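Have a look at the structure below before the remarks.
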Amino acid sequence: MSDVTGALLGFVRKETRHILRDRQTLFVLLMLPLVQVLLFGFVIRTDVENVRVGFVVPASDAATGELIALFRGSDLFTPVGTWPTAAPLPDLFERGAIDQVVMFAPGFADDLGRGGARLFVVTDASDPNTGAAMRTYAESLIREYAGQGAADLTLVSRPGGGPGTLAGTSGIETRVRIRFDPALESRNLFVPGLIALVLTIVSALMTSIAITREKERGTMEVLLVSPLRPWQIIVGKVAPYLVLAFVNVLTALGAAWLAFGVPFRGSVTLLLLESLLFIIVSLALGVFISTRAESQRAAMLAAIAGLLLPSTLLSGMIFPIGSMPGWLRPFTNVVPATWFIEIARGIMLKGVGLAYLWQETLILTLMAVILTTASVRAFDARLS
Amino acid sequence: MNAGATGLPTVPEGGEPAIRSRDLTRRFGDFTAVDAVTFEVGVGEVFGFLGANGAGKTTAIRMLTGLLAPTSGEATVAGHDVSAEPEAVKRSIGYMSQRFSLYEDMTPRENIELYGGIYGLPSPVIRDRGARLLERLGLESAAGKRVGSLPLGWKQKLAFSVALLHEPGIVFLDEPTGGVDPITRRQFWEMIYETAADGTTVFVTTHYMDEAEYCDRLSIMVAGRIVALGTPTELRREHGAPSIEDVFVRLARQDASPPAAS
Chain A
0 MSDVTGALLG
10 FVRKETRHIL
20 RDRQTLFVLL
30 MLPLVQVLLF
40 GFVIRTDVEN
50 VRVGFVVPAS
60 DAATGELIAL
70 FRGSDLFTPV
80 GTWPTAAPLP
90 DLFERGAIDQ
100 VVMFAPGFAD
110 DLGRGGARLF
120 VVTDASDPNT
130 GAAMRTYAES
140 LIREYAGQGA
150 ADLTLVSRPG
160 GGPGTLAGTS
170 GIETRVRIRF
180 DPALESRNLF
190 VPGLIALVLT
200 IVSALMTSIA
210 ITREKERGTM
220 EVLLVSPLRP
230 WQIIVGKVAP
240 YLVLAFVNVL
250 TALGAAWLAF
260 GVPFRGSVTL
270 LLLESLLFII
280 VSLALGVFIS
290 TRAESQRAAM
300 LAAIAGLLLP
310 STLLSGMIFP
320 IGSMPGWLRP
330 FTNVVPATWF
340 IEIARGIMLK
350 GVGLAYLWQE
360 TLILTLMAVI
370 LTTASVRAFD
380 ARLS
Chain B
0 MNAGATGLPT
10 VPEGGEPAIR
20 SRDLTRRFGD
30 FTAVDAVTFE
40 VGVGEVFGFL
50 GANGAGKTTA
60 IRMLTGLLAP
70 TSGEATVAGH
80 DVSAEPEAVK
90 RSIGYMSQRF
100 SLYEDMTPRE
110 NIELYGGIYG
120 LPSPVIRDRG
130 ARLLERLGLE
140 SAAGKRVGSL
150 PLGWKQKLAF
160 SVALLHEPGI
170 VFLDEPTGGV
180 DPITRRQFWE
190 MIYETAADGT
200 TVFVTTHYMD
210 EAEYCDRLSI
220 MVAGRIVALG
230 TPTELRREHG
240 APSIEDVFVR
250 LARQDASPPA
260 AS
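Residue numbers (numbering that gives the first Met the number 0), protein chains in the order written: chain A, 0 to 383; chain B, 0 to 261.
The following block contains the structure:
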């Protein structure tokens, strides 16, 4: 073993000791993915159950009865009534007594036979997320029905519960196909985002704090005067966090799988490798922050404002990038989490491999190379 | 152990001084932090490096320890050029900063192992020297306790000993006794003398003027230049002052006027 690797190993051991001896922080870091996954899984799901649905049936027949029976049979819906006209509905919506209404156009059965039957679905979208989810559920059920009947159905869906909406004549035509996530479990979508969040906290936030702590305490000075090269100091500081972050990935995935049955349709190995790539990007960002920040407090604020917020808000983790204003979208491309989430969702939910994800992977790899180079340079530049 | 140097150590004739600085200069933009500083420090000498805050001491030390490249001029430390071979310089020196520089959440023994490893000492040597070091400091019983729980005086002595673990030819002490009580400071200086007697050059900065009197020779830096250099006795006589403190205050006050280097 050469002196260089010996010194480096000793340094890694020292950093590991710091982490292991700060029991409270270690506990928080280890529990973080577990708590996050469970919290998000149980609480912040946008899935809805027991959608109170009503039906407006101008003329009851076999076709309408069949569709209503389908809703009745679904766990997600609780039919609350059937009316011949839409007249009582505005009041029901306003009182919050009903979530959704399916309106059959007059002559539904005949149209169905000829092709071109029409349905109106009106959804209470006072909470847009729930509204969107309810709409999608109803649509998927109707599509299932249309599929069975091998008939062509035009579905007209409208959000909103106001009286004007119900009386409205022009609807938004939607043709929605639900793929990859037939259960529409929003928690499945959240898991990749959560992993990105936890990794950003552990890799970027914690390393930037650990490095600035040495600056604050004056030990960095001693390290810099020692024969350790800057890259050895960086590697030594970062290596234990890489391991910790990887443990976190396993914890988050394990919890998501055991507690919620989140699917792994693609290669777990690929997912872990991609996670490693994202960890390296985050670690480099942490080092970069620490070269700028003079105190632990400054490092923490920089990591939260500069990394955690964009990773949460701009990565598509919670808010779909597709619904962001055009000028904002380029910014989402700069956020590493955007690409990781895209990759993780692809692997977990779609079961696709590198053949489909090579672009995202390439972008993350480039980010890793550029950020690592930049942060080592910045660390070096601190010295001269 | 080397034979202790007796009397006043000087630059040995024909021999290489421990530190040699020639017109060492560092500019940051328009500001000249260190302005053509020239001095030599002999082997085994205790050299006091004085100056008010902002006089350029820290910048000078950063250059001498290989952390910062000089803008112009040159300096050799332990025979190595600071701009050409900063890594060789780093290997041959010890360093202890004004802020306590060991890891508080690790034990004395673990700190010793860490620094021994960083300086490339083989494990048996680290174990051996570590044990002797703890014995000398009377810290054997505290070897397994975290450094954070030790009194500051012990921590400082431990930090000094750890800085000497790889037996460097020169040790830089940057305000090593800050915040320590007078008795501990006294003990600390005894350690400095022992170290110098073993042939190790001690380069020390301090704000305590009584400590300045303990140095073999000292320099006083004002506004980036060395304005006084010599033994404490020489400096007192030269400036007709009763103490180094008076010399210092007198020199530091004429900050704005061009200083006359000796």
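Heads up, the beta-carbon is just placed ideally off N, CA and C, and yes, glycines get one too. These numbers come from a predicted model, not from an experiment.
{"Check": "Below 8 Å between beta carbons: does that hold for glycine 55 (chain B) and alanine 32 (chain B)?", "Outcome": "yes"}
{"Check": "Assign methionine 30 (chain A) to one of two classes, buried (16 or more other C-beta atoms within 10 Å of its C-beta) or exposed (fewer than that).", "Outcome": "exposed"}
{"Check": "Could you tell me the alpha carbon to alpha carbon distance between glycine 253 (chain A) and arginine 20 (chain A), rounded to whole angstroms?", "Outcome": "26 Å"}
{"Check": "Please identify the residue among A:Arg12, A:Phe107, A:Leu91, A:Arg22 whose C-alpha is closest to the C-alpha of arginine 51 (chain A).", "Outcome": "A:Leu91"}
{"Check": "Could you have a look at leucine 164 (chain B) and say whether DSSP puts it in helix, strand or coil?", "Outcome": "coil"}
{"Check": "At the level of alpha carbons, what is the spacing between serine 242 (chain B) and glutamine 155 (chain B)?", "Outcome": "27 Å"}
{"Check": "Within the continuous beta strand (DSSP E) that includes aspartate 173 (chain B), where are the two ends?", "Outcome": "169-173"}
{"Check": "List the DSSP bridge partners of methionine 133 (chain A).", "Outcome": "According to DSSP, methionine 133 (chain A) bridges with nothing at all."}
{"Check": "Listed from N- to C-terminal order along the chain, which residues in the stretch 16-35 of chain A have their beta-carbon within a distance smaller than 8 Å of any beta-carbon of chain B?", "Outcome": "Arg16, His17, Arg20, Asp21"}
{"Check": "Mark lysine 144 (chain B) as exposed unless 16 or more other C-beta atoms lie within 10 angstroms of its C-beta, in which case mark it buried.", "Outcome": "exposed"}
{"Check": "Please list, in chain order, the chain A residues whose beta carbon lies closer than 9 Å to that of methionine 105 (chain B).", "Outcome": "Lys13, Arg16, His17, Arg20"}
{"Check": "Is there at least one Cβ from chain A nearer than 8 Å to leucine 250 (chain B)'s Cβ?", "Outcome": "no"}
{"Check": "Would you check if there are 3 or more beta carbon pairs closer than 8 Å linking the stretch 189-208 of chain B to the stretch 21-36 of chain B?", "Outcome": "no"}
{"Check": "In the stretch 63-83 of chain B, which residues sit with their C-beta less than 9 Å from some C-beta in chain A, listed in chain order?", "Outcome": "Thr64, Gly65, Leu66, Leu67, Ala68"}
{"Check": "Looking at chain B, is there any beta carbon in it that lies within less than 8 Å of the beta carbon of serine 225 (chain A)?", "Outcome": "yes"}
{"Check": "Give me the Cα-Cα distance between threonine 58 (chain B) and arginine 25 (chain B), rounded to the nearest whole angstrom.", "Outcome": "8 Å"}
{"Check": "Check distances from the C-beta atoms of the stretch 113-124 of chain B to those of chain A and list, in chain order, the residues that come in under 7 Å.", "Outcome": "Leu113, Gly116, Ile117, Tyr118, Gly119"}
{"Check": "Compare the C-beta of phenylalanine 39 (chain A) against all C-beta atoms of chain B and say whether one is closer than 8 Å.", "Outcome": "no"}
{"Check": "Where does the unbroken alpha helix (DSSP H) through arginine 296 (chain A) begin, and where does it stop?", "Outcome": "295-302"}
{"Check": "Drop a sphere of 10 angstroms on the beta-carbon of isoleucine 278 (chain A), count the other beta-carbons inside from all chains shown, and report buried for 16 or more, exposed for fewer.", "Outcome": "buried"}
{"Check": "What are the start and end residues of the beta strand (DSSP E) that includes methionine 30 (chain A)?", "Outcome": "Methionine 30 (chain A) -> not in any beta strand (DSSP E); alpha helix (DSSP H) instead, spanning 22-41."}
{"Check": "Report the option in A:Ala343, A:Glu48, A:Phe26 whose CA atom is closest to the CA atom of leucine 196 (chain A).", "Outcome": "A:Ala343"}
{"Check": "Closer than 7 Å between beta carbons: that is the criterion. Which residues of the stretch 146-168 of chain B meet it against chain A?", "Outcome": "none"}
{"Check": "Roughly how many angstroms lie between the CA atoms of aspartate 215 (chain B) and leucine 234 (chain B), to the nearest whole one?", "Outcome": "12 Å"}
{"Check": "Please go through the same chain and pick out, in chain order, the residues whose beta-carbon is closer than 6 Å to the beta-carbon of methionine 347 (chain A), but skip the five residues on each side of it.", "Outcome": "Phe263"}
{"Check": "Check phenylalanine 287 (chain A) in the structure and name its three-state DSSP category.", "Outcome": "helix"}
{"Check": "In its own chain, which residues sit with a C-beta less than 8 Å from the C-beta of threonine 337 (chain A), not counting the 5 before and 5 after it?", "Outcome": "Leu313, Ser314, Gly315, Ile320, Thr331"}
{"Check": "Are valine 88 (chain B) and glycine 65 (chain B) touching if we call contact CB-CB under 8 Å?", "Outcome": "yes"}
{"Check": "Applying the 10 Å Cβ sphere with the 16-neighbour rule, what's the burial state of threonine 218 (chain A)?", "Outcome": "buried"}
{"Check": "Using beta carbons (cut-off 8 Å, strictly below), is threonine 4 (chain A) in contact with chain B?", "Outcome": "no"}
{"Check": "For the stretch 28-58 of chain B, list every residue whose C-beta sits within 7 Å of some C-beta in chain A, in sequence order.", "Outcome": "none"}
{"Check": "Identify the contact partners of serine 96 (chain B) in chain A, using a Cβ-Cβ distance below 9 Å as the criterion.", "Outcome": "Gly217, Thr218, Glu220, Val221, Val224"}
{"Check": "Please list, in chain order, the chain A residues whose beta carbon lies closer than 8 Å to that of serine 242 (chain B).", "Outcome": "Ordered by position in chain A, no residue passes the 8 Å Cβ test against serine 242 (chain B), which lies about 31 Å from the chain."}
{"Check": "Check the DSSP bridge columns for aspartate 80 (chain B) and list the partner residues they point to.", "Outcome": "B:Thr75"}
{"Check": "Could one say the Cβ of serine 383 (chain A) lies closer than 8 Å to chain B's Cβ atoms, at least one of them?", "Outcome": "Caution applies to serine 383 (chain A), whose pLDDT of 46 falls short of 50 and renders its modelled position unreliable; the model cannot decide the point."}
{"Check": "Confirm, please, whether the CB-CB distance from isoleucine 60 (chain B) to isoleucine 40 (chain B) is below 8 Å.", "Outcome": "The residue you asked about is not isoleucine; residue 40 (chain B) is valine in the sequence shown. No, the pair does not count as a contact, with Cβ atoms beyond the cut-off."}
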